[in-house]
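Visitor:
2 protein chains.
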Amino acid sequence: MPLTTPPGGTPARRRPPGMTDVARLAGVSQKTVSRVVNNERYVSAEVREKVRSAARELGFRPNTAARALITGRFGRIGVVALGTALWGPASLQVALERATRAAGIAVVVAHTVEGEPDSVGEAVEWLLDQGVDAIIIADPVDEGVEVRSDPAVPLYSLGRSVPEAENLLAGASNAESMREAVEHLLDLGHERVWHIAGPATWYPACDRVEGWRAAHEARGIEPPPPVEGDWTPASGYAAGQRILRDPAVTAVACANDDMALGFIRACTEAGLAVPDRVSVTGFDDIPAAAYFTPPLTTVCQRFEADVIRGLGILLRRLGGAPTGAPEPPPHTDTPRLVVRRSTAPPANRRNEAPGKDAR
Amino acid sequence: MPLTTPPGGTPARRRPPGMTDVARLAGVSQKTVSRVVNNERYVSAEVREKVRSAARELGFRPNTAARALITGRFGRIGVVALGTALWGPASLQVALERATRAAGIAVVVAHTVEGEPDSVGEAVEWLLDQGVDAIIIADPVDEGVEVRSDPAVPLYSLGRSVPEAENLLAGASNAESMREAVEHLLDLGHERVWHIAGPATWYPACDRVEGWRAAHEARGIEPPPPVEGDWTPASGYAAGQRILRDPAVTAVACANDDMALGFIRACTEAGLAVPDRVSVTGFDDIPAAAYFTPPLTTVCQRFEADVIRGLGILLRRLGGAPTGAPEPPPHTDTPRLVVRRSTAPPANRRNEAPGKDAR
DNA sequence: ACCAGCGCTGACTACGTTGTCATGCAACGT
DNA sequence: ACGTTGCATGACAACGTAGTCAGCGCTGGT
Chain A
1 MPLTTPPGGT
11 PARRRPPGMT
21 DVARLAGVSQ
31 KTVSRVVNNE
41 RYVSAEVREK
51 VRSAARELGF
61 RPNTAARALI
71 TGRFGRIGVV
81 ALGTALWGPA
91 SLQVALERAT
101 RAAGIAVVVA
111 HTVEGEPDSV
121 GEAVEWLLDQ
131 GVDAIIIADP
141 VDEGVEVRSD
151 PAVPLYSLGR
161 SVPEAENLLA
171 GASNAESMRE
181 AVEHLLDLGH
191 ERVWHIAGPA
201 TWYPACDRVE
211 GWRAAHEARG
221 IEPPPPVEGD
231 WTPASGYAAG
241 QRILRDPAVT
251 AVACANDDMA
261 LGFIRACTEA
271 GLAVPDRVSV
281 TGFDDIPAAA
291 YFTPPLTTVC
301 QRFEADVIRG
311 LGILLRRLGG
321 APTGAPEPPP
331 HTDTPRLVVR
341 RSTAPPANRR
351 NEAPGKDAR
Chain B
1 MPLTTPPGGT
11 PARRRPPGMT
21 DVARLAGVSQ
31 KTVSRVVNNE
41 RYVSAEVREK
51 VRSAARELGF
61 RPNTAARALI
71 TGRFGRIGVV
81 ALGTALWGPA
91 SLQVALERAT
101 RAAGIAVVVA
111 HTVEGEPDSV
121 GEAVEWLLDQ
131 GVDAIIIADP
141 VDEGVEVRSD
151 PAVPLYSLGR
161 SVPEAENLLA
171 GASNAESMRE
181 AVEHLLDLGH
191 ERVWHIAGPA
201 TWYPACDRVE
211 GWRAAHEARG
221 IEPPPPVEGD
231 WTPASGYAAG
241 QRILRDPAVT
251 AVACANDDMA
261 LGFIRACTEA
271 GLAVPDRVSV
281 TGFDDIPAAA
291 YFTPPLTTVC
301 QRFEADVIRG
311 LGILLRRLGG
321 APTGAPEPPP
331 HTDTPRLVVR
341 RSTAPPANRR
351 NEAPGKDAR
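Which chain is which? The protein sequence lines are A and B, in order. At position 185 of the first sequence (counting the first as 1) the number is 185 in full-length UniProt numbering, and the numbers step up by one without a gap. At position 169 of the second sequence (counting the first as 1) the number is 169 in full-length UniProt numbering, and the numbers step up by one without a gap.
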């Protein structure tokens with residue numbers, strides 16, 4: 001099968017047009033086309049326009065493979081994400097791709113499997129095979145495996161899940177947001193706030209535990225021991241059955257909304273009214289949270305802002321984005337705690353501070 | 001800055017090793033290295049091993065850019081996905097990447113923005129710029145915009161959202177699953193089943209409406225008019241407030257679990273017990289569904305199976321997967337309806353058919 | 001009048017891989 | 001002894017782009 005153009009007649013070529021074809025049509029050299037396409041200097045306005053229209057006419061699209069071959073850069077980053085549809089990870093990934101595309105960089109995803117320790121390593125390996133300029137570990141689970149990396153491809157993480165990688169979300173909102181939620185409960189008059197945490201292998205879970213603990217320590221209070229769940233409503237329910245045997249429990253901060261849902265169910269079944277007898281907060285503000293019974297006081301994460309800021313670091317490390325690096329926007333500190341009806345002052349203080357009415 | 005190796009001393013090269021380097025170390029030609037790497041025939045076992053160990057020693061990784069440049073194929077497909085963390089789209093995307101990687105093909109994602117009609121077109125354009133062998137439109141929303149495609153890059157869709165594209169999920173489970181749920185309700189003795197649908201712009205929503213309608217028509221029943229929501233619990237709640245004015249309503253099939261949640265809340269507030277007075281089904285089987293009050297009867301989708309089957313079509317079109325195409329597995333028809341406690345016979349038949357006890 | 005500098009353009013080459021073709025060698029049948 | 005066949009290997013070209021450098025015409029300073 002000859003790939004070259006047949007000598008006579010209309011050249012019915014299959015091959016997509018290249019710079020050489022554009023150059024021929026515009027009557028210039030291939031190099032000049034390259035200059036126009038890359039917006040280099042030293043091209044007269046006249047030639048520039050001629051090349052542009054020729055490119056448009058042929059439907060020319062620069063070949064990224066050839067470009068990557070010679071520059072050694074791919075204009076792509078790899079993202080290792082946990083293969084789950086959970087609200088947090090999924091939202092993070094969307095935010096990541098948005099911010100990346102805005103910087104002219106494409107995203108190649110590889111999903112891991114929770115519980116398979118080496119799936120992170122496999123994903124990294126796969127991405128390195130594909131050719132990427134950098135890799136971001138967005139998997140929030142630390143299975144304790146060290147990732148062997150290519151020295152030429154820097155490794156980053158969203159939430160310090162990998163020691164070999166630089167964390168792009170250093171000052172992220174997890175701990176701080178949870179602290180806000182706990183302080184809300186303490187401000188309402190609760191003496192201590194119990195905590196239903198996420199799995200200890202998840203860094204966001206650890207951060208939230210930290211924020212919960214910090215809120216107590218700032219007031220010189222010793223927090224009760226946290227209970228570990230696995231993000232599912234089932235685990236929140238089970239935790240509730242254990243915690244609620246202690247009559248001192250009046251306020252519980254859950255590490256996500258799903259566990260809060262399960263916990264509320266445990267309360268209901270135990271005959272403990274929410275929020276009259278027990279106050280509950282969630283984390284994530286999933287769409288359903290406002291329609292729990294009662295509507296859940298929870299924390300809304302700022303994925304977009306955090307990711308954009310973190311990606312700014314990465315882009316600067318890569319030596320400037322191809323299409324002009326947007327400066328990371330100033331850290332706009334929007335309110336994160338969404339107060340609904342699952343929180344109220346404890347029963348013994350009900351008359352002092354009347355509960356807010358949301359609706 | 002000279003890129004070539006300095007003449008004297010240790011060659012402290014920055015450039016990653018190529019086949020030429022491996023060849024030099026193994027004492028063979030570069031072409032032979034290519035043969036070994038690509039598992040071609042006509043290489044003696046001895047040489048093969050020598051090359052392998054040389055490649056391992058240098059940490060050689062074939063350069064995909066160079067390969068793509070000459071073969072004209074990238075080993076990548078682009079996926080246009082809706083930028084949302086909703087359960088369905090997110091699950092689909094994970095399943096898609098899993099199946100694709102198993103076939104040795106990488107995924108480049110581009111997210112759209114719901115409500116921005118041209119964001120699909122922009123995403124496609126962006127993916128074409130990146131260089132992909134095919135594009136899958138996984139965005140479930142049809143904004144009615146036609147997508148201009150490159151003739152060299154075939155366009156596929158997951159759920160026929162784009163007329164220019166071939167649908168990979170032709171016999172998918174949406175309609176059939178919904179039909180199963182509705183038949184479950186009819187079997188329980190309900191005369192008619194109301195429907196809270198998703199937005200009419202979403203194809204999965206249309207398919208579910210279709211399944212709901214089909215279940216009625218198969219029994220010669222005229223279904224009541226469907227009510228359209230927007231997937232959120234809020235819309236399910238609002239729909240409930242409208243529907244529940246009609247005392248004839250005894251069973252409602254919701255197009256997703258979140259709307260079912262909102263609808264249940266509307267029932268509760270209206271003093272209508274679920275399932276004693278009104279039966280409700282959801283769709284998706286999100287983790288929280290089992291912990292609603294009451295636990296939700298819903299439908300579990302088979303993303304993995306559907307996507308693997310659909311991808312089989314694509315891979316065969318692309319002319320066989322690089323690393324050996326796995327044949328699409330036989331369509332294992334696992335049960336999809338998960339019966340929990342939100343469904344029961346209507347009040348007037350309660351004594352005839354006792355409700356199942358799940359727990 | 002001459003050269004230096006600037007703006008603009010093109011020729012040539014390298015990038016790392018695969019495709020094509022040629023070549024060397026051994027085994028085999030005549 | 002000879003050609004034929006098949007395996008194993010290498011030489012060489014090509015893919016489409018960007019980097020390097022040379023060269024053009026013009027301007028301005030000496």
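Backbone N, C-alpha and C define an ideal beta-carbon position, used for all residues, glycine too. Here the structure is a predicted model, which is why all the values come from computation and not from measurement.
Using the Cβ count rule (16 or more neighbours within 10 Å means buried), how would you classify residue 368(B)?
Guide: There is simply no residue 368(B) to check, as chain B begins at 1 and stops at 359 in what is shown.
Visitor: If you draw a straight line from the alpha carbon of R340(A) to that of G282(A), how long is it in whole angstroms?
Guide: Indexing the first sequence from 1 puts residue 340(A) at position 340. Indexing the first sequence from 1 puts residue 282(A) at position 282. Cα-Cα distance, rounded: 11 angstroms.
Visitor: On the DSSP bridge assignment, give the partners of R76(A) in chain order.
Guide: By one-based count along the first sequence, residue 76(A) stands at place 76. BP columns for R76(A) point to A106(A).
Visitor: Going along the chain, which residues of the segment 98-126 of chain A sit with their C-beta nearer than 7 angstroms to a C-beta in chain B?
Guide: R98, R101, A106, V107, V108, V109, A110, H111 and W126
Visitor: For the segment 246-263 of chain B, list every residue whose C-beta sits within 9 angstroms of some C-beta in chain A, in sequence order.
Guide: For the segment 246-263 of chain B, the beta-carbon criterion of a distance under 9 angstroms to any beta-carbon of chain A is satisfied by D257, D258, L261 and G262.
Visitor: Could you tell me whether the Cβ atoms of L155(A) and E146(A) are closer together than 8 angstroms?
Guide: Start at 1 with the first residue of the first sequence, and residue 155(A) comes out as number 155. Start at 1 with the first residue of the first sequence, and residue 146(A) comes out as number 146. Taking 8 angstroms as the Cβ cut-off, L155(A) and E146(A) do not qualify as a contacting pair.
Visitor: Alpha carbon to alpha carbon, what distance is there between E40(A) and K50(B)?
Guide: Mapped onto the second sequence, residue 50(B) falls at position 50. Mapped onto the first sequence, residue 40(A) falls at position 40. Between K50(B) and E40(A), the C-alpha separation is close to 46 angstroms.
Visitor: Using three-state DSSP, classify E304(A) as helix, strand or coil.
Guide: For the purposes of this step, residue 304(A) is taken as residue 304 along the first sequence, with counting starting at 1. In this structure, E304(A) counts as helix in the three-state DSSP scheme.
Visitor: Give a yes or no on whether the C-beta atoms belonging to A253(A) and A181(A) are separated by under 8 angstroms.
Guide: For the purposes of this step, residue 253(A) is taken as the residue at position 253 of the first sequence. For the purposes of this step, residue 181(A) is taken as the residue at position 181 of the first sequence. Closer than 8 angstroms, so yes.
Visitor: Determine, for S149(B), whether the minimum Cβ-Cβ distance to residues of chain A falls below 8 angstroms.
Guide: Stepping through the second sequence from its first residue, residue 149(B) is reached at position 149. Closer than 8 angstroms: no.
Visitor: Looking only at C-alpha atoms, which of G115(B), V209(B) and Q130(B) sits nearest to A106(B)?
Guide: By 1-based counting over the second sequence, the position of residue 106(B) is 106. Ranking the options by Cα distance to A106(B), first place goes to Q130(B).
Visitor: Count the other CB atoms within 10 Å of the CB of P225(B); is the residue buried (16 or more) or exposed (fewer)?
Guide: For the purposes of this step, residue 225(B) is identified with residue 225 of the second sequence, where counting begins at 1. Exposed, since its Cβ has fewer than 16 Cβ neighbours within 10 Å.
Visitor: Please confirm if the segment 122-138 of chain A is in contact with the segment 259-275 of chain A, defined as three or more CB-CB distances below 8 angstroms between the two stretches.
Guide: no
Visitor: Closer than 8 angstroms by beta-carbon distance: list the chain A residues that pair up with Y237(B), in chain order.
Guide: By 1-based counting over the second sequence, the position of residue 237(B) is 237. Taking a Cβ-Cβ threshold of 8 angstroms, the residues of chain A close to Y237(B) are Y291, in chain order.
Visitor: Cβ closer than 7 angstroms: which chain B residues qualify as neighbours of Q130(A)?
Guide: Mapped onto the first sequence, residue 130(A) falls at position 130. Neighbours of Q130(A) on chain B, chain order: T64 and A106.
Visitor: Do F292(A) and I264(A) have their C-beta atoms within less than 8 angstroms of each other?
Guide: The sequence position of residue 292(A) within the first sequence is 292, counting from 1. The sequence position of residue 264(A) within the first sequence is 264, counting from 1. In contact: F292(A) and I264(A) (Cβ atoms closer than 8 angstroms).
Visitor: Runs of 3 residues minimum, wholly inside the segment 192-271 of chain B: which ones carry the beta strand (DSSP E) assignment?
Guide: 194-197 and 251-254
Visitor: Hey, residue 394(A) and V299(A): beta-carbon distance below 8 angstroms or not?
Guide: Summary: the structure shown does not reach residue 394(A), with chain A confined to residues 1 through 359, and so no result is reported for it.
Visitor: Express the C-alpha separation of A248(A) and R192(A) in angstroms, rounding to a whole number.
Guide: For this step, residue 192(A) is matched to residue 192 along the first sequence. For this step, residue 248(A) is matched to residue 248 along the first sequence. If I take the Cα positions, the gap works out to 9 angstroms.
Visitor: Consider the Cβ of T84(B): report whether some Cβ of chain A lies at a distance smaller than 8 angstroms.
Guide: In the second sequence, the residue the question calls residue 84(B) occupies position 84. With 8 angstroms as the cut-off, T84(B) counts as an interface residue toward chain A.
Visitor: Closest to V113(A) by CA distance: which of W87(A), S279(A), S34(A) and D142(A) is it?
Guide: Start at 1 with the first residue of the first sequence, and residue 113(A) comes out as number 113. If we check each option's Cα against that of V113(A), D142(A) comes out closest.
Visitor: Is R265(B) close to chain A? Criterion is C-beta to C-beta, closer than 8 angstroms.
Guide: By 1-based counting over the second sequence, the position of residue 265(B) is 265. Yes, contact with chain A.
Visitor: I want to verify the contact list: residues of chain B whose CB lies under 7 angstroms from the CB of P16(A), in sequence order.
Guide: As a first step, residue 16(A) must be located in the first sequence, where it is residue number 16. Going along chain B in sequence order, the residues near P16(A) (Cβ under 7 angstroms) are A152.
Visitor: Can you list the residues of chain B that T232(A) reaches, using a CB-CB cut of under 7 angstroms?
Guide: Your numbering for residue 232(A) matches position 232 in the first sequence. The contacting residues are P287.
Visitor: Are the C-beta of L69(A) and some C-beta of chain B separated by less than 8 angstroms?
Guide: The count along the first sequence starts at 1 and reaches residue 69(A) at position 69. Taking Cβ atoms only, chain B reaches closer than 8 angstroms to L69(A), which makes this a yes.
Visitor: For the putative contact between T343(A) and L127(A), defined by C-beta atoms under 8 angstroms, what is the C-beta separation to the nearest angstrom?
Guide: Counting from one through the first sequence, the residue named residue 343(A) turns up at place 343. Counting from one through the first sequence, the residue named residue 127(A) turns up at place 127. Not confirmed; about 43 angstroms, so no contact.
Visitor: Could you check the C-alpha separation between E210(A) and A239(B) for me, to the nearest Å?
Guide: Position 210 of the first sequence, counted from the start, is the residue given in the question as residue 210(A). Position 239 of the second sequence, counted from the start, is the residue given in the question as residue 239(B). Cα to Cα, the separation comes out at about 41 angstroms.
Visitor: To the nearest angstrom, how far is the alpha carbon of A123(B) from that of V280(B)?
Guide: For this step, residue 123(B) is matched to residue 123 along the second sequence. For this step, residue 280(B) is matched to residue 280 along the second sequence. Their Cα atoms are separated by approximately 38 angstroms.
Visitor: In chain B, what lies closer than 9 angstroms to residue 360(A) by C-beta?
Guide: The displayed coordinates of chain A run from 1 to 359. Any statement about residue 360(A) would go beyond what the structure contains.
Visitor: So, using beta-carbon positions, are W87(B) and I308(B) closer together than 8 angstroms?
Guide: For this step, residue 87(B) is matched to residue 87 along the second sequence. For this step, residue 308(B) is matched to residue 308 along the second sequence. The answer is no: Cβ separation not under 8 angstroms.
Visitor: Spell out the partners DSSP gives N167(B) in its beta bridges.
Guide: As a working mapping, residue 167(B) is identified with position 167 in the second sequence. Beta-bridge pairing links N167(B) to S157(B).
Visitor: What is the DSSP secondary structure of A99(B), counted as helix, strand or coil?
Guide: As a working note, residue 99(B) is residue 99 in the second sequence. The answer is helix: DSSP assigns A99(B) an H, G or I state.
Visitor: Can you find a CB in chain A that lies within less than 8 angstroms of the CB of A90(B)?
Guide: Taking the first residue of the second sequence as position 1, residue 90(B) is located at position 90. By this cut-off, A90(B) is an interface position.
Visitor: Would you report the Cα separation of L92(A) and P140(A), rounded to the nearest angstrom?
Guide: As a working note, residue 92(A) is residue 92 in the first sequence. As a working note, residue 140(A) is residue 140 in the first sequence. In a straight line, the C-alpha of L92(A) is about 10 angstroms away from that of P140(A).
Visitor: Within 10 angstroms of the Cβ of A95(A), are there 16 or more other Cβ atoms? Answer buried if so, exposed if not.
Guide: Position 95 of the first sequence, counting from 1, holds the residue named residue 95(A). Buried, by the Cβ-count rule.
Visitor: By alpha-carbon positions, which one of R98(B), A99(B) and M19(B) ends up nearest to P62(B)?
Guide: Counting from one through the second sequence, the residue named residue 62(B) turns up at place 62. Nearest of R98(B), A99(B) and M19(B) to P62(B), Cα basis: M19(B).
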